[in-house]
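Worksheet for the structure shown next.
Number of protein chains: 2
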Amino acid sequence: MIISTKGRYGLRAMFELAKAYGQDPLSIKQIAAMQNLSEQYLEQIFSKLKGAGLVRSTRGAGGGYTLAETPGGISVGQVLTALEGELVPADCVGDDAAGCAKAGLCTTHIIWQRIYDGFTGVVNAITLQDMVDDFHRLIADRPQAKNVKC
Amino acid sequence: MIISTKGRYGLRAMFELAKAYGQDPLSIKQIAAMQNLSEQYLEQIFSKLKGAGLVRSTRGAGGGYTLAETPGGISVGQVLTALEGELVPADCVGDDAAGCAKAGLCTTHIIWQRIYDGFTGVVNAITLQDMVDDFHRLIADRPQAKNVKC
DNA sequence: AATATATCATAGTAATTTTGTCAAGATTAT
DNA sequence: ATAATCTTGACAAAATTACTATGATATATT
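Line by line, the protein sequences are chains A and B.
Residue numbering for the first sequence follows my numbering, starting at 1 and increasing by one per position.
Residue numbering for the second sequence follows my numbering, starting at 151 and increasing by one per position.
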């Protein structure tokens, strides 16, 4: 599995926030109940999402989390990277690699770079707004889909 | 890191086999020496590659491994899948999922499927022949690149 | 036949990562 | 005040990763 539970749970949580965009904050407790997850584990996940600047928190009664930007301004790739670290196939590519010394002299480097570019291209092209749009199309077609998640 | 050492070492080993295609088999010992890896670990890797039908083995003195097909007939995706298992972002997609029961009713499923299709599209499109071609272009330009690997 | 060279199969193991749990504190709305 | 909520850090079981070790089996060469 390329994506761990942190990334998978986190993306679903961000999807809930995207659906609630413009409304009151959603609390950890609410999201945990929606998705049947432990509150403590979700807290860790939101701590990372906040560190990456993808969500804003409101403390105190009635508080919770909201998206830091519009759903269209946050990509699936940003969410996954915040939770999983850079989605690199090998550590000679990606921003953290800061340019492998052997780049330009190594054949496998070319391949890892190509895979990295392809993968990030895919995940960065999908935004939370796309997910919300998918969702609306889905329940327009089949209303019973509203509460199904896998 | 999306790809573990098994996949990374294994792809480099298959690259050596692709460069030696049409010649005598390469032994584990030779490949291990080329890449400075443990022979036992490489054996495990080749056991999986053989199980997937990607290499043929010849036992006994002078034996070793050869590609089971032409370099153009083996994709990077096949190699990585043989060594890492299916490259799925979540277990509701991929061949092993055999169609998640909630497919068509679940929004995140759509996303995982899209990511899976994108990723496999990239890795299946690159063949070992492409790597060999890259290599030849590289050393034509910069001969000192011949023995550089990262 | 003997020997050297290989693959093949299985088991063990230390280190790391994943997947959480638990508890104490800080902040804010009401 | 107080109840709700975020924040932080420590802890730990389970799984995975990344090997190591051993012995067996098959084949070419002498």
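We put the CB at the ideal spot given by N, CA and C, even for glycine.
All figures in this text were calculated on a predicted structure; none of them were measured in a lab.
Would you say V71 of chain A faces chain B, with C-beta separation under 8 Å as the test? The count along the first sequence starts at 1 and reaches residue 71 of chain A at position 71. In the sequence as displayed, the identity of residue 71 of chain A is Pro instead of Val. No, no contact with chain B.
Give a yes or no on whether the C-beta atoms belonging to F196 of chain B and Y215 of chain B are separated by under 8 Å. In the second sequence, residue 196 of chain B corresponds to position 46, counting from 1. In the second sequence, residue 215 of chain B corresponds to position 65, counting from 1. Yes, Cβ-Cβ distance for F196 of chain B and Y215 of chain B is below 8 Å.
Check this for me: beta carbons of L11 of chain A and V76 of chain A, under 8 Å apart or not? On the first sequence, residue 11 of chain A is found 11 positions in, with the first residue counted as 1. On the first sequence, residue 76 of chain A is found 76 positions in, with the first residue counted as 1. Their beta carbons are under 8 Å apart, which means L11 of chain A touches V76 of chain A by this criterion.
Taking one C-beta from the stretch 49-64 of chain A and one from the stretch 104-124 of chain A each time, how about it: are there three or more such pairs within less than 8 Å? no
What would DSSP say about V148 of chain A, mapped onto helix, strand or coil? Translated into positions along the first sequence, residue 148 of chain A becomes position 148. Note: V148 of chain A maps to coil in three-state DSSP.
Skipping 5 residues on each side, what residues in its chain have a beta carbon closer than 7 Å to that of L26 of chain A? As a first step, residue 26 of chain A must be located in the first sequence, where it is residue number 26. Taken in chain order, the residues that qualify are E16, L17, A20, G64 and Y65.
Can you tell me whether A232 of chain B is buried or exposed, with buried defined as 16 or more other CB within 10 angstroms of its CB? As a position in the second sequence, residue 232 of chain B is number 82, starting the count at 1. Result: buried.
Are the CB atoms of K299 of chain B and T108 of chain A within a distance shorter than 8 Å? Your numbering for residue 108 of chain A matches position 108 in the first sequence. Your numbering for residue 299 of chain B matches position 149 in the second sequence. Going by C-beta atoms, T108 of chain A is nearer than 8 Å to K299 of chain B.
Does the beta carbon of F196 of chain B come closer than 8 Å to any beta carbon on chain A? By 1-based counting over the second sequence, the position of residue 196 of chain B is 46. Taking Cβ atoms only, chain A never reaches closer than 8 Å to F196 of chain B, which makes this a no.
Determine the burial state of Q228 of chain B: buried for a count of at least 16 other Cβ atoms within 10 Å of its Cβ, exposed for fewer. Start at 1 with the first residue of the second sequence, and residue 228 of chain B comes out as number 78. Counting the other CB atoms within 10 Å of its CB gives Q228 of chain B a total of 16 or more, which places it among the buried residues.
C-alpha distance - E43 of chain A paired with D141 of chain A, whole-angstrom precision: Along the first sequence, one-based indexing puts residue 43 of chain A at 43. Along the first sequence, one-based indexing puts residue 141 of chain A at 141. Whole-angstrom Cα-Cα distance: 34 Å.
Mind checking R158 of chain B: buried by the 16 CB within 10 Å criterion, or exposed? As a position in the second sequence, residue 158 of chain B is number 8, starting the count at 1. Under this definition R158 of chain B is a buried residue.
Chain B residues whose Cβ lies nearer than 8 Å to that of M14 of chain A: Taking the first residue of the first sequence as position 1, residue 14 of chain A is located at position 14. Simply none; closest approach about 10 Å.
In chain order, what residues of the same chain have a beta carbon less than 6 Å from the beta carbon of Q279 of chain B, not counting five sequence neighbours either side? On the second sequence, position 129 is the one that residue 279 of chain B refers to. P221 and G222, listed in sequence order.
What in chain A is Cβ-close to A295 of chain B, meaning under 9 Å? Here residue 295 of chain B is taken as the residue at index 145 of the second sequence, counted from 1. Those within 9 Å of A295 of chain B in chain A are K102, G104, L105, C106 and T107.
Would you grab the beta carbon distance between D134 of chain A and I260 of chain B for me? Rounded to a whole angstrom, and I think it's under 8 Å. Stepping through the first sequence from its first residue, residue 134 of chain A is reached at position 134. Stepping through the second sequence from its first residue, residue 260 of chain B is reached at position 110. Between I260 of chain B and D134 of chain A the Cβ distance is about 5 Å, and since that is below 8 Å, they are a contact.
Cβ neighbour criterion (16 or more within 10 Å) applied to P293 of chain B: Start at 1 with the first residue of the second sequence, and residue 293 of chain B comes out as number 143. It counts as exposed.
Cβ pair L87 of chain A, I289 of chain B closer than 8 Å: In the first sequence, residue 87 of chain A corresponds to position 87, counting from 1. In the second sequence, residue 289 of chain B corresponds to position 139, counting from 1. No; because the gap between Cβ atoms is not below 8 Å, this pair is not in contact.
Considering only heavy atoms of the ligand MN, does any lie closer than 7 Å to the CB of P175 of chain B? Although the ligand MN was asked about, the structure shown includes no ligands whatsoever.
Are the Cβ atoms of L131 of chain B and V273 of chain B separated by less than 8 Å? It is not possible to answer for residue 131 of chain B, since the shown part of chain B is limited to 151 through 300.
Which full runs of the beta strand (DSSP E) of 3+ residues lie inside the stretch 19-83 of chain A, going along the chain? 55-58 and 64-67
Restricting to Cα atoms, I'd like to know which of A:A101, A:S38, A:Q40 and A:G62 is closest to Q154 of chain A. Only positions 1 to 150 of chain A appear in the structure, and residue 154 of chain A is not among them; the question remains open.
Going by DSSP, what residues sit across from F127 of chain A in a beta bridge? By 1-based counting over the first sequence, the position of residue 127 of chain A is 127. First, the amino acid is wrong: residue 127 of chain A is Thr here, not Phe. Paired residues: A:S75.
Contacting positions in the stretch 74-97 of chain A - beta carbon closer than 7 Å to chain B: Flagged, chain order: V76, L87, V88, P89, A90, D91 and C92.
Per-residue DSSP class, three states only, for G7 of chain A: Here residue 7 of chain A refers to the residue found at position 7 of the first sequence. Of the three classes helix, strand and coil, the one that applies to G7 of chain A here is helix, per DSSP.
Classification of A251 of chain B by the beta-carbon crowding that lies within 10 angstroms, buried from 16 upward: The sequence position of residue 251 of chain B within the second sequence is 101, counting from 1. Counting Cβ neighbours within 10 Å, A251 of chain B comes out exposed, since fewer than 16 surround it.
Excluding the 5 residues preceding and the 5 following K6 of chain A in the sequence, name in chain order all residues of the same chain whose CB lies nearer than 7 Å to its CB. Numbered from its first residue, the first sequence carries residue 6 of chain A at position 6. Around K6 of chain A: I45, L83 and E84.
Suppose you measure from the CA of A33 of chain A to the CA of Y41 of chain A; what does that come to, to the nearest Å? Translated into the one-based positions of the first sequence, residue 33 of chain A becomes position 33. Translated into the one-based positions of the first sequence, residue 41 of chain A becomes position 41. If you take the alpha carbons of A33 of chain A and Y41 of chain A, they lie about 13 Å apart.
Between the Cα of R59 of chain A and those of A:I28, A:N36, A:E39 and A:L49, spot the shortest distance and give me the residue it belongs to. Within the first sequence, residue 59 of chain A is the residue found at index 59, counting from 1. The option with the nearest alpha carbon to R59 of chain A is A:I28.
Proximity test, Cβ basis, 8 Å: G268 of chain B and chain A: On the second sequence, residue 268 of chain B is found 118 positions in, with the first residue counted as 1. Taking Cβ atoms only, chain A reaches closer than 8 Å to G268 of chain B, which makes this a yes.
For S4 of chain A, which option in B:P239, B:I276 and B:I181 has the closest C-alpha, if you only look at C-alpha atoms? In the first sequence, the residue the question calls residue 4 of chain A occupies position 4. When each option's Cα is compared against that of S4 of chain A, the closest is B:P239.
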